[in-house]
Amino acid sequence: MIIKQLSVFVENKKGKLASITETLANNDVDISSLALADTTDFGVLRIIVDKPDVAYRALTEAGVVVKITDVVAVAMDDVPGGVSGALNVVSENNINIEYVYACVGKTQGKALMVIKPEELERAEAVLYQAGYGKISPADIYRI
Amino acid sequence: MILNPQMECMPREEIKKLQSERLVWQVKRMYEKVECFRNRMDEKGLKPEDIHGVEDLSKLPFSYKSDLRDYYPYGLFAEPLSDIVRVHASSGTTGKRIVVGYTENDLKIWAECFARMLAAFDVTKEDIIQVSYGYGLFTGGLGAHGGGEYMGCTVIPMSSGNTQLQIQTMVDFGATVLCCTPSYALYLGEEVEKMGVKDQLKLKVGIFGAEPWTESMRKEIEAKLGLKACDIYGLSEILGPGVSGECEYQEGMHVWEDHFIPEIIDPDTGEVLPEGSTGELVFTTITKEGFPLIRYRTRDICSLNYEPCKCGRTHVRMRKPTGRSDDMLIIRGVNVFPSQVEEVLLKVSGDSITPNYQIVVDRVNNNDTFDVNVEMSEKLFADDVKSVERVEGMITEKLRSALGIGAKVHLVNPNTIKRSEGKAKRVIDNRKLV
Ligand SMILES: [Zn+2]
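For the record, the sequence lines run as chains D and Y.
12 is the number of the first residue of the first sequence in the working numbering; add one for each residue after it.
677 is the number of the first residue of the second sequence in the working numbering; add one for each residue after it.
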């Protein structure tokens, strides 16, 4: 399913990352997943939270540059080969993947993964057809 | 040695008389020949007959660098092109170009002005001058060249670049005088040390200008090249190198007052300041034929010293400029205005608001560093690292093509650039140049 992810610009300076998670905590926002892509100068922090809109507002008010990006969340069996199975489905359908990361927890015995494909809706569709079942938003945002 | 004692040591009363005569002549001919000047005079309700001498100088209208752009290319020339024998232009790295022109007589005067400084340091026709300023539209190369030839020296028209060959030439040709920018002199000095050829050099004097430099740089250049380092000042709008230069006592630069009248004004009000004050330097060219200017605002901040000099020359000495009255920065010899940076950022942001930015300039190992911090915005930000790097790269590239020099661009968090009284401090210049 397609979910909302927050992409946050982070300068590579001491304490910047901590101040972001602190802002979220102060606004009663739960982080279910967090991944950082960085260079020596800056990083892009990607977070999945239970209340994306609240988080967006809180971070913007705190002077942080943040964007809401749509990504695909996939639930899969927590067994060896589970991740590559889902990724293969996407690439076999000639959909490029920009990035991918795993979520921290599990839901209903399944592992969760976040994929940013070039064609969002088509990626979701092919995954669904391949048997990667629907999951409810609550499951993802509240792992 | 004093090249032209009659002029250089003229009693001050006589200088004033000479300047008055020449000013009256210049105002009259410019009123006839230069539209921009005539309009400014008319706006003030002034006629050439109202100007009787230097005491009336402050009545005259100012001229500005923007005039040179507005009347590009030949609109400010006071002689027909048939009498203009050469033009020079600013390098074109900063916005629009400016063009200046010289008659044959102008070139003679320029050469003499430069040569006066050579003579002050006992450079004679026996000397061999290596001119390592760039030749071309820039006034440095040909300006020094003309001065050397005027003295009857042997001139090596080396131009800038190719450091190994520069040093080899100095050694092989037995150069005794070096003309270049101070930063290049220092670089040459470092290379000479590396090559271990200092004892093969015959250099005794170096004439360095065209960019700001410090006393500690002077000492370093002198130690590395084994010469006496001298400071020369000039700007192409007025002449080129040689508007003023140090004498053997090196306590300020004598402004050649038989050709240029300097004034120090308050850059905000335009009022002439009392003798000895620090303010904006303004020049009036009283002998220039091809491209004369009245009360030209240099934007350089300095002071004038009318006290008699130990050398016997009576012409006023100007202190090395300590800054600018506008916000222009000179970085690696290139003029940079914060407004140019702002323009680039505005274009890149695709927004009607310029992203908040800050320019940080420093000098590390005698090289200028130039960093531009830009506050990140939602418009500039994208979800992946590559796009952010692309934005950084695009800003860097656009700055390079707009300014002519490279800057290091850093995207920073919003609201992290310090603001003073609500307005961000745009420029931090950490170079200690005084
Ligand atoms: Zn002197």
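In this text, a Cβ means the ideal position worked out from N, Cα and C, and glycines have one as well.
Below-8 Å beta-carbon distance, G768 (chain Y) vs any chain D residue: The residue given as residue 768 (chain Y) occupies position 92 in the second sequence. Residue confidence for G768 (chain Y) is low, a pLDDT of 47 falling below 50, so the modelled location carries little weight; the figure read from the coordinates is stated next. Taking Cβ atoms only, chain D never reaches closer than 8 Å to G768 (chain Y), which makes this a no.
- request: Below 8 Å on the Cβ atoms is my guess for G952 (chain Y) versus R993 (chain Y); work out the distance and round it to an integer in Å.
  value: By 1-based counting over the second sequence, the position of residue 952 (chain Y) is 276. By 1-based counting over the second sequence, the position of residue 993 (chain Y) is 317. Taking 8 Å as the upper bound for CB-CB distance, G952 (chain Y) and R993 (chain Y) are not in contact here, some 11 Å apart.
message: Spatial neighbours of K145 (chain D) within its chain, please: C-beta separation below 8 Å, excluding the five flanking residues on both sides.
response: In the first sequence, residue 145 (chain D) corresponds to position 134, counting from 1. So the list reads M12, Y139, once near-sequence residues are dropped.
message: Closer than 7 Å to a non-hydrogen atom of ligand 1 - does that hold for the CB of R630 (chain Y)?
response: An answer regarding residue 630 (chain Y) cannot be provided, because it is not within the stretch 677 to 1110 covered by chain Y.
Endpoints, the beta strand (DSSP E) within which Q1034 (chain Y) is located: Walking along the second sequence from the start, residue 1034 (chain Y) turns up at place 358. Unbroken beta strand (DSSP E) run through Q1034 (chain Y): 1033-1040.
message: If I measure Cβ to Cβ from K121 (chain D) and keep anything under 7 Å in the same chain, skipping five residues before and after, which residues do I get?
response: Within the first sequence, numbered from 1, the residue matching residue 121 (chain D) stands at position 110. Closer than 7 Å at the Cβ level, and outside the excluded window around K121 (chain D), lie A86, M87, D88, D89.
message: So, with DSSP's three-state summary, where would you put L17 (chain D)?
response: Translated into the one-based positions of the first sequence, residue 17 (chain D) becomes position 6. It is a strand residue.
message: If contacts are defined as beta-carbon pairs under 8 Å, then Y909 (chain Y) and K986 (chain Y) qualify, I think. What distance do you get, rounded to the angstrom?
response: Counting from 1 along the second sequence, the entry for residue 909 (chain Y) is found at position 233. Counting from 1 along the second sequence, the entry for residue 986 (chain Y) is found at position 310. At roughly 20 Å, the Cβ-Cβ gap does not stay under 8 Å, so Y909 (chain Y) and K986 (chain Y) are not in contact.
Interface residues of chain D facing H1086 (chain Y) [CB-CB closer than 7 Å]: As a first step, residue 1086 (chain Y) must be located in the second sequence, where it is residue number 410. The answer, in chain order, is D52.
task: Work out the CA separation of V730 (chain Y) and I785 (chain Y) for me, nearest whole Å.
output: For the purposes of this step, residue 785 (chain Y) is taken as the residue at position 109 of the second sequence. For the purposes of this step, residue 730 (chain Y) is taken as the residue at position 54 of the second sequence. Using only the alpha carbons, I get a separation of about 21 Å.
query: What are the residues that DSSP puts in a beta bridge with C978 (chain Y)?
result: Within the second sequence, numbered from 1, the residue matching residue 978 (chain Y) stands at position 302. Residue pairing from DSSP places C978 (chain Y) in a beta bridge opposite Y:G955.
- prompt: Is any beta-carbon of chain Y found at less than 8 Å from that of Y139 (chain D)?
  reply: Numbered from its first residue, the first sequence carries residue 139 (chain D) at position 128. No, its Cβ sits nowhere closer than 8 Å to a Cβ of chain Y.
- prompt: What do you reckon, is the C-beta of Y982 (chain Y) under 7 Å from a heavy atom of ligand 1?
  reply: As a working mapping, residue 982 (chain Y) is identified with position 306 in the second sequence. Answer for Y982 (chain Y): no, Cβ out of range of ligand 1.
Helix, strand or coil at L138 (chain D) [DSSP, three-state]: Here residue 138 (chain D) corresponds to residue number 127 of the first sequence, with the count starting at 1. L138 (chain D) falls in the helix class under three-state DSSP.
message: If I measure Cβ to Cβ from P63 (chain D) and keep anything under 7 Å in the same chain, skipping five residues before and after, which residues do I get?
response: Reading the first sequence from its first residue, position 52 is the one you call residue 63 (chain D). Around P63 (chain D): K15, L17, I79.
- prompt: Between which two residues does the beta strand (DSSP E) harbouring E73 (chain D) extend?
  reply: Locating residue 73 (chain D) in the first sequence gives position 62, counting from the first residue. The sequence shown places Ala at residue 73 (chain D), not Glu. Segment: none, A73 (chain D) is in no beta strand (DSSP E) and carries neither H nor E.
query: Alpha carbon to alpha carbon, how far is E72 (chain D) from N23 (chain D)?
result: Here residue 72 (chain D) refers to the residue found at position 61 when the first sequence is read from its first residue. Here residue 23 (chain D) refers to the residue found at position 12 when the first sequence is read from its first residue. For E72 (chain D) and N23 (chain D), the distance between alpha carbons rounds to 20 Å.
query: Below 8 Å between beta carbons: does that hold for V111 (chain D) and V125 (chain D)?
result: As a position in the first sequence, residue 111 (chain D) is number 100, starting the count at 1. As a position in the first sequence, residue 125 (chain D) is number 114, starting the count at 1. Against a cut-off of 8 Å, the Cβ pair of V125 (chain D) and V111 (chain D) comes out as a contact.
task: Output the distance between the C-alpha atoms of N107 (chain D) and V82 (chain D), rounded to the nearest integer angstrom.
output: For the purposes of this step, residue 107 (chain D) is taken as the residue at position 96 of the first sequence. For the purposes of this step, residue 82 (chain D) is taken as the residue at position 71 of the first sequence. So the alpha carbons of these two residues sit roughly 13 Å apart.
task: Under the assumption that V868 (chain Y) contacts I832 (chain Y) (Cβ atoms under 8 Å), give the Cβ distance between them as a whole number of angstroms.
output: Indexing the second sequence from 1 puts residue 868 (chain Y) at position 192. Indexing the second sequence from 1 puts residue 832 (chain Y) at position 156. At roughly 16 Å, the Cβ-Cβ gap does not stay under 8 Å, so V868 (chain Y) and I832 (chain Y) are not in contact.
- prompt: Would you call D1044 (chain Y) buried or exposed, if buried means 16 or more other Cβ atoms sit within 10 Å of its Cβ?
  reply: Within the second sequence, the letter at position 368 stands for residue 1044 (chain Y). It is buried - the Cβ of D1044 (chain Y) has at least 16 other Cβ atoms within 10 Å.
- prompt: Buried or exposed: F797 (chain Y), going by 16 or more other Cβ atoms within 10 Å of its Cβ?
  reply: Counted from its first residue, the second sequence places residue 797 (chain Y) at position 121. So F797 (chain Y) counts as buried.
message: Along the stretch 1040-1055 of chain Y, where does the CB come closer than 7 Å to a CB of chain D? Name the residues.
response: M1052, S1053, E1054
Rounded separation between G1069 (chain Y) and G828 (chain Y) - CA only: Looking up residue 1069 (chain Y) in the second sequence gives position 393. Looking up residue 828 (chain Y) in the second sequence gives position 152. One C-alpha to the other measures close to 51 Å.
query: Cβ of Y909 (chain Y) within 7 Å of any heavy atom in ligand 1?
result: Within the second sequence, residue 909 (chain Y) is the residue found at index 233, counting from 1. Not so, every heavy atom of ligand 1 lies at least 7 Å from the Cβ.
message: Judging by CA-CA distance, which residue of Y:G816, Y:L1075, Y:V799 is the nearest neighbour of C923 (chain Y)?
response: As a first step, residue 923 (chain Y) is located in the second sequence; it is residue number 247 there, counting from the start. Per the Cα distances, Y:V799.
Residues bridged to E1051 (chain Y) [DSSP beta-bridge criterion]: Numbered from 1 along the second sequence, position 375 holds the residue referred to as residue 1051 (chain Y). Answer by DSSP bridge pairing, in chain order: Y:V1088.
message: Does chain Y have any CB closer than 8 Å to the CB of A134 (chain D)?
response: The count along the first sequence starts at 1 and reaches residue 134 (chain D) at position 123. Chain Y contact via Cβ: absent.
- prompt: Leaving out the 5 sequence neighbours to the left and right, which residues in its chain are closer than 6 Å to A1078 (chain Y) when beta-carbon positions are compared?
  reply: As a position in the second sequence, residue 1078 (chain Y) is number 402, starting the count at 1. Around A1078 (chain Y): Q1016, V1020.
task: Pick out whichever of Y:E725, Y:G1082, Y:K704, Y:K801 has its Cα sitting closest to the Cα of G823 (chain Y).
output: In the second sequence, residue 823 (chain Y) corresponds to position 147, counting from 1. Closest option to G823 (chain Y), Cα to Cα, is Y:K801.
- prompt: Whose CA, out of Y:L733, Y:A905, Y:F967, lies closest to the CA of V763 (chain Y)?
  reply: What you label residue 763 (chain Y) is simply residue 87 of the second sequence in a count that begins at 1. Nearest of Y:L733, Y:A905, Y:F967 to V763 (chain Y), Cα basis: Y:F967.
- request: With 8 Å as the limit, tell me which residues of the stretch 72-88 of chain D have their beta carbon closer than that to any beta carbon of chain Y; keep them in chain order.
  value: G74, V75, V76, V77, K78, T80
message: Taking only three categories from DSSP, how would you classify D875 (chain Y)?
response: Here the question's residue 875 (chain Y) lines up with position 199 in the second sequence. Looking at D875 (chain Y) - three-state DSSP - the assignment turns out to be helix.
- prompt: Which of the residues in the stretch 1057-1073 of chain Y, read from start to end, lie with their CB under 7 Å from any CB of chain D?
  reply: F1057, D1059, D1060, V1061, V1064, E1065
query: Quick one: any contact between the stretch 998-1013 of chain Y and the stretch 893-905 of chain Y, if contact means 3 or more CB pairs under 8 Å?
result: Taking 8 Å as the limit for Cβ pairs, the verdict is that the stretch 893-905 of chain Y does not touch the stretch 998-1013 of chain Y.
- prompt: Could you give the distance in angstroms between the alpha-carbon of T769 (chain Y) and the alpha-carbon of G1082 (chain Y)?
  reply: As a working mapping, residue 769 (chain Y) is identified with position 93 in the second sequence. As a working mapping, residue 1082 (chain Y) is identified with position 406 in the second sequence. In this prediction, T769 (chain Y) has a pLDDT of 43, which is less than 50 and means its spatial position is unreliable; nothing more can be read from the coordinates.
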